[in-house]
Amino acid sequence: MARLDINRSGEMEVFVRVVEQEGFSAAARTLRMTPSAVSKLVARLEARLGARLLHRNTRGFQLTSEGCVFYERSVQVLAELEEAERGVATNEAPSGRVRVNTNVPYGTHFLLPQVPAFLARNPGITLDVALTDQVVDLLEERADVAIRAGPLKSSNLIARRLGETRKMIVGAPEYLKRAGMPKTVAELERHNRMSASHVPTLEHWPVVERGAVVNVPCAGNVQASDGEALRRLALVGTGLARIAAFQVREDVAAGRLVPVLEERNPGDTVVFHAVFLDPARHLPARIRAFLDYFSEVGMG
Numbered sequence: 007m008a009r010l011d012i013n014r015s016g017e018m019e020v021f022v023r024v025v026e027q028e029g030f031s032a033a034a035r036t037l038r039m040t041p042s043a044v045s046k047l048v049a050r051l052e053a054r055l056g057a058r059l060l061h062r063n064t065r066g067f068q069l070t071s072e073g074c075v076f077y078e079r080s081v082q083v084l085a086e087l088e089e090a091e092r093g094v095a096t097n098e099a100p101s102g103r104v105r106v107n108t109n110v111p112y113g114t115h116f117l118l119p120q121v122p123a124f125l126a127r128n129p130g131i132t133l134d135v136a137l138t139d140q141v142v143d144l145l146e147e148r149a150d151v152a153i154r155a156g157p158l159k160s161s162n163l164i165a166r167r168l169g170e171t172r173k174m175i176v177g178a179p180e181y182l183k184r185a186g187m188p189k190t191v192a193e194l195e196r197h198n199r200m201s202a203s204h205v206p207t208l209e210h211w212p213v214v215e216r217g218a219v220v221n222v223p224c225a226g227n228v229q230a231s232d233g234e235a236l237r238r239l240a241l242v243g244t245g246l247a248r249i250a251a252f253q254v255r256e257d258v259a260a261g262r263l264v265p266v267l268e269e270r271n272p273g274d275t276v277v278f279h280a281v282f283l284d285p286a287r288h289l290p291a292r293i294r295a296f297l298d299y300f301s302e303v304g305m306g
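Quick note: this note's numbering has the sequence shown finishing at residue 306, numbered continuously throughout.
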């Protein structure tokens, strides 16, 4: 068959729908095709490519490594085709769905409050936001962008810096009234120091003592899955937490939490990045609009 006789974009769209709808029948409904027609088209695509894209079983299917690569590239190509068909120009408003996976603190205290302003500027965009502190696979989670905190591991992902925040130790007034306000490292070590269970590098708190930074081990009777859970535990007087300043800014201003040993804070910061797959040729306007907005507003 001549290469021009093959509707490659149509094949890509069907394959992408099968993956995203997690089944042939569901994809067929959205495409207004029969399940058998969808199955035959995917089989024909595999035969033409000479590669198995899906492992079929009684419960559904699994993407092969070749299928993962083809899905990733197909999504990129279809997004570019969609923009081209709309006659996208630099002054045209971006549109489409942006799937964002963000850690819980950034999502709760920064991204979600910014959503109305972002959508007001980009009314053609639809956001699909998932909050988790687990490091996700963008392809597996069907995410366009992931927000990650701290040092980035080497990968094939592209990163864009969104901002940084300092960290601080905080406690509720009732807890500090009961346990006392620590003034030294020795006094801090007598407190219930809560930690994040999923981040081994946060198992100690740096505190300045006599001009040098001393690492105080976390030693408490509570661990939590994320910084937002630690904040809530601190609010109800469970113990002290060392978390990002932007998370507790409003709590400190309202007196719900009190900074502890701020004069001994070494000023270390956590950098936040947006990571995304290499778009091969150019980044879809909808994703670029998201990255531009949240890079522009920073983290205050």
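We put the CB at the ideal spot given by N, CA and C, even for glycine.
- What whole-angstrom Cβ distance do His-210 and Asn-227 have, given they're in contact under 8 Å? Wrong, their Cβ atoms sit about 17 Å apart, outside the cutoff.
- On the premise that Phe-282 lies in contact with Asp-139, defined as a C-beta separation below 8 Å, what is that separation, rounded to the nearest angstrom? Their Cβ separation, rounded to whole angstroms, is 19 Å, which puts Asp-139 and Phe-282 out of contact at 8 Å.
- Endpoints, the alpha helix (DSSP H) within which Val-25 is located: 14-27
- Message: Please report the distance separating the alpha-carbon of Pro-122 from that of Arg-58.
- Response: 43 Å
- Closer than 8 Å by C-beta to Ala-49: which residues in its own chain qualify, once you throw out the five before and the five after it? Chain order, please. none
- Message: Less than 7 Å between the beta carbons of Thr-114 and Glu-234, yes or no?
- Response: yes
- Message: I'd like to check one pair, Ala-99 with Gly-130: are the Cβ atoms closer than 7 Å?
- Response: yes
- Message: Less than 8 Å between C-beta atoms, sequence neighbours within five positions excluded: which residues of the same chain meet that for Asp-274?
- Response: Arg-172, Lys-173, Pro-212
- Query: Taking the alpha-carbon positions, what's the Asp-298 to Lys-183 distance?
  - Reply: 45 Å
- Item | C-beta atoms of Leu-267 and Ile-175 nearer than 7 Å | yes
- Would you mind reading off the limits of the alpha helix (DSSP H) that contains Gly-233? 233-241
- Query: On the three-state DSSP scale, how would you describe Ala-53?
  - Reply: helix
- Delimiting residues of the alpha helix (DSSP H) encompassing Glu-180: 179-185
- Item | Buried or exposed (CB count within 10 angstroms, at least 16 for buried), His-61 | exposed
- Message: Please state the DSSP three-state secondary structure of Thr-70.
- Response: coil
- How far does the beta strand (DSSP E) with Asp-274 in it reach, from first residue to last? First-last for Asp-274: undefined, no H or E at that position.
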